[in-house]
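In what follows, a single structure is set out as structure tokens and then discussed.
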Amino acid sequence: MIQKNSETDQFLQSLGFPRLNIHAMSRHHDFEAAGKRILVIGPMGSGKTEFSARIWRDSRIALRKKGLAARMTSTGSVDRRDVFVVRSSLDKSRFPDYPDDALAYRGGYERCGSRIGAARDSFSLEILIAENPEVGTWIIDEAAFFDERIAYLMKDEAESRGLCFILPTLVLNFRREIFNQTARLLLETATDIIPLTAYCEHEECLRDSLYTYRYYLVDGRECPALYFDPLIIIGGDRTRHDGKEPNYCTRCDEHHYLPGKEYTFFTLKPFGELAARGNIAPLLAELNALAGNIEESRLYASLASRCSDDASREVQMNALRVPCIAERALVYLYAEQNLLSEEQMRYVIRELNLDRDYLSQRLADNRRPLAL
Numbered sequence: 000m001i002q003k004n005s006e007t008d009q010f011l012q013s014l015g016f017p018r019l020n021i022h023a024m025s026r027h028h029d030f031e032a033a034g035k036r037i038l039v040i041g042p043m044g045s046g047k048t049e050f051s052a053r054i055w056r057d058s059r060i061a062l063r064k065k066g067l068a069a070r071m072t073s074t075g076s077v078d079r080r081d082v083f084v085v086r087s088s089l090d091k092s093r094f095p096d097y098p099d100d101a102l103a104y105r106g107g108y109e110r111c112g113s114r115i116g117a118a119r120d121s122f123s124l125e126i127l128i129a130e131n132p133e134v135g136t137w138i139i140d141e142a143a144f145f146d147e148r149i150a151y152l153m154k155d156e157a158e159s160r161g162l163c164f165i166l167p168t169l170v171l172n173f174r175r176e177i178f179n180q181t182a183r184l185l186l187e188t189a190t191d192i193i194p195l196t197a198y199c200e201h202e203e204c205l206r207d208s209l210y211t212y213r214y215y216l217v218d219g220r221e222c223p224a225l226y227f228d229p230l231i232i233i234g235g236d237r238t239r240h241d242g243k244e245p246n247y248c249t250r251c252d253e254h255h256y257l258p259g260k261e262y263t264f265f266t267l268k269p270f271g272e273l274a275a276r277g278n279i280a281p282l283l284a285e286l287n288a289l290a291g292n293i294e295e296s297r298l299y300a301s302l303a304s305r306c307s308d309d310a311s312r313e314v315q316m317n318a319l320r321v322p323c324i325a326e327r328a329l330v331y332l333y334a335e336q337n338l339l340s341e342e343q344m345r346y347v348i349r350e351l352n353l354d355r356d357y358l359s360q361r362l363a364d365n366r367r368p369l370a371l
């Protein structure tokens with residue numbers, strides 16, 4: 000933010016200084032403020048975890064202070080200079096080459112020793128908080144991956160005991176929508192929001208990016224994820240040359256491709272709703288085309304008719320080069336939309352001989368495991 004003050008400008012000019020743009024001061028973390036829930040948001044690669052690492056480094060300096068400084072940062076037995084890092088159990092494979100006690104980010108890491116742990120849900124986080132009653136600041140990495148209860152757990156702990164929570168997390172998914180209900184509640188209950196941006200990672204662009212872009216690499220081609228691609232895919236940060244495993248980067252509006260949204264709501268979801276009412280034939284026919292002859296599918300027709308911009312048409316049509324498109328559609332209808340029964344899922348998979356390994360993994364990623 001650039002601070003403007005005409006009187007200050009005139010005064011500086013009267014002293015012979017040139018006209019300057021004065022930006023907001025970059026400050027160290029305030030460990031005195033109690034009860035904060037600070038949401039640090041931005042796309043992948045925007046530096047959310049690195050922001051948290053700076054707070055960790057600030058805490059190492061603040062902990063050297065004594066007397067009045069210690070009293071100013073404490074509420075009862077809680078000292079907000081004492082920082083604990085919590086990672087989601089879902090995200091364990093993100094940085095496999097770093098030490099177990101590392102708060103890792105792109106370009107570096109901080110060793111946190113005994114002040115780092117993992118939690119699978121809000122209940123295990125609650126246990127961690129109870130086991131460390133003196134800790135006053137909690138960094139919860141990717142808080143949107145937790146269940147909705149976490150928002151109110153943190154609000155209660157902040158208001159009753161003066162704890163501070165730092166929450167570096169995605170709030171938008173690759174579809175440019177609120178990630179989930181947890182993300183929505185985090186936004187509602189936060190006291191502070193710090194938005195971060197990144198450069199658009201398109202090779203010809205230097206605009207600010209606010210969005211995470213999911214794509215696949217198939218034969219060296221960029222293949223944007225279809226709108227109905229599984230919402231959660233657990234994996235690391237390494238580049239994947241595998242049509243079943245996604246890559247991520249940040250993109251601006253112009254270069255964030257998301258083919259298949261119209262198809263999802265015009266065709267795929269309505270067919271799922273028909274199946275939920277007992278008529279599975281239209282869905283089965285479309286999935287059969289997706290699995291065996293993509294050019295005969297309604298998805299192909301939809302993309303071909305809507306991708307009119309020559310500059311992006313080739314990239315968007317590349318979305319059809321990825322494998323397991325029928326399987327992706329099934330995961331969307333079953334795990335996200337809750338339109339298909341377990342019996343219908345098994346019937347479709349058996350009839351079309353779909354990839355059971357892929358389906359099992361993606362259903363587990365999205366917390367809807369199904370024995371196939």
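Per numbering that gives the first Met the number 0, the sequence shown starts with residue 0, numbered consecutively.
Virtual Cβ for every residue (Gly too), placed ideally from N, Cα, C.
All of these numbers come straight from a predicted model, not from anything done at the bench.
Query                                                                                                                                                                          : Result
Going along the chain, which unbroken runs of the beta strand (DSSP E) with 3 or more residues stay wholly within the stretch 88-141?                                          : 101-104, 107-110, 115-118 and 134-139
What does DSSP give as the partner residues of N278 in its beta bridges?                                                                                                       : According to DSSP, which records beta bridges pairwise, N278 is partnered with nothing at all.
Identify the continuous alpha helix (DSSP H) that holds L302 and give its terminal residues.                                                                                   : R297 to R305
Can you tell me whether DSSP reads L351 as helix, strand or coil?                                                                                                              : helix
Which residue wins for smallest C-alpha separation from A32, given the options E130, V77 and L371?                                                                             : V77
By alpha-carbon positions, which one of S25, R367, V39 and R320 ends up nearest to F164?                                                                                       : V39
Determine the DSSP secondary structure at D191, reduced to helix, strand or coil.                                                                                              : strand
Starting from R70, trace the beta strand (DSSP E) in both directions and tell me its first and last residue.                                                                   : First-last for R70: L67 to M71, but that is the alpha helix (DSSP H), not the beta strand (DSSP E).
With H373 and C204 assumed to form a contact (beta carbons below 8 Å), what rounded beta-carbon distance in angstroms separates them?                                          : There is no way to answer for residue 373, as the model of the chain reaches only from 0 to 371.
Looking at the unbroken alpha helix (DSSP H) that takes in L329, where does it start and where does it end?                                                                    : I324 to V330
Which of helix, strand or coil does DSSP assign to Y226?                                                                                                                       : coil
Specify whether the stretch 190-203 and the stretch 219-235 touch according to this definition: at least 3 beta carbon pairs, one from each stretch, less than 8 Å apart.      : no
Mark G44 as exposed unless 16 or more other C-beta atoms lie within 10 angstroms of its C-beta, in which case mark it buried.                                                  : buried
Starting from S208, follow its DSSP beta bridges and name the residues at the other end.                                                                                       : A197
In terms of residue numbering, what span does the beta strand (DSSP E) encompassing F164 cover?                                                                                : C163 to T168
Could you check where the beta strand (DSSP E) with I54 kicks off and where it finishes?                                                                                       : From DSSP, I54 is part of no beta strand (DSSP E) but of the alpha helix (DSSP H) over K47 to A61.
Thinking just about the alpha-carbon of each residue, which of L273, Q12 and E156 is nearest to the one in I126?                                                               : E156
Could you say which of R206, E350 and Y226 lies nearest to R213 if we only look at CA atoms?                                                                                   : Y226
Are the stretch 310-317 and the stretch 265-274 in contact at 8 Å, needing three or more beta carbon pairs?                                                                    : no
If you pair each beta-carbon of the stretch 132-139 with each one of the stretch 77-88, do three or more pairs fall below 8 Å?                                                 : yes
Roughly how many angstroms lie between the CA atoms of V85 and D140, to the nearest whole one?                                                                                 : 6 Å
Determine the direct distance from the alpha carbon of T136 to that of G116, and round the result to whole angstroms.                                                          : 14 Å
Taking only three categories from DSSP, how would you classify E244?                                                                                                           : strand
When we look at the beta-carbon of Q343 and count the other beta-carbons within 10 Å, is it buried (16 or more) or exposed?                                                    : buried
Following a CB-centred definition, is D96 positioned closer than 7 Å to any heavy atom of the ligand ATP?                                                                      : Although the ligand ATP was asked about, the structure shown includes no ligands whatsoever.
Label G107 either buried or exposed according to how many other C-beta atoms from any shown protein chain fall within 10 Å of its C-beta, with 16 as the threshold for buried. : exposed
So which of L11, K35 and E244 has the shortest CA-CA distance to P322?                                                                                                         : E244
Only counting the same chain, and skipping five residues up and downstream in sequence, which positions put a Cβ closer than 7 Å to that of Y247?                              : M43, T211, Y212 and R213
In whole angstroms, what separates the C-alpha of Y299 from that of F173?                                                                                                      : 21 Å
Report the three-state DSSP secondary structure of D218 (helix, strand or coil).                                                                                               : coil
Hey, could you find the ends of the alpha helix (DSSP H) L152 is sitting in?                                                                                                   : R148 to R160
Does chain B have any CB closer than 8 Å to the CB of F265?                                                                                                                    : Structure shown: chain B not included; a single protein chain is present.
Measure how close the beta-carbons of Y256 and P223 come, nearest whole angstrom, since I'm counting them as under 8 Å.                                                        : 4 Å
Grab the span of the beta strand (DSSP E) containing L38 for me, first residue to last.                                                                                        : R36 to I40
Can you tell which of L209, A328 and I293 has its C-alpha closest to the C-alpha of F264?                                                                                      : A328
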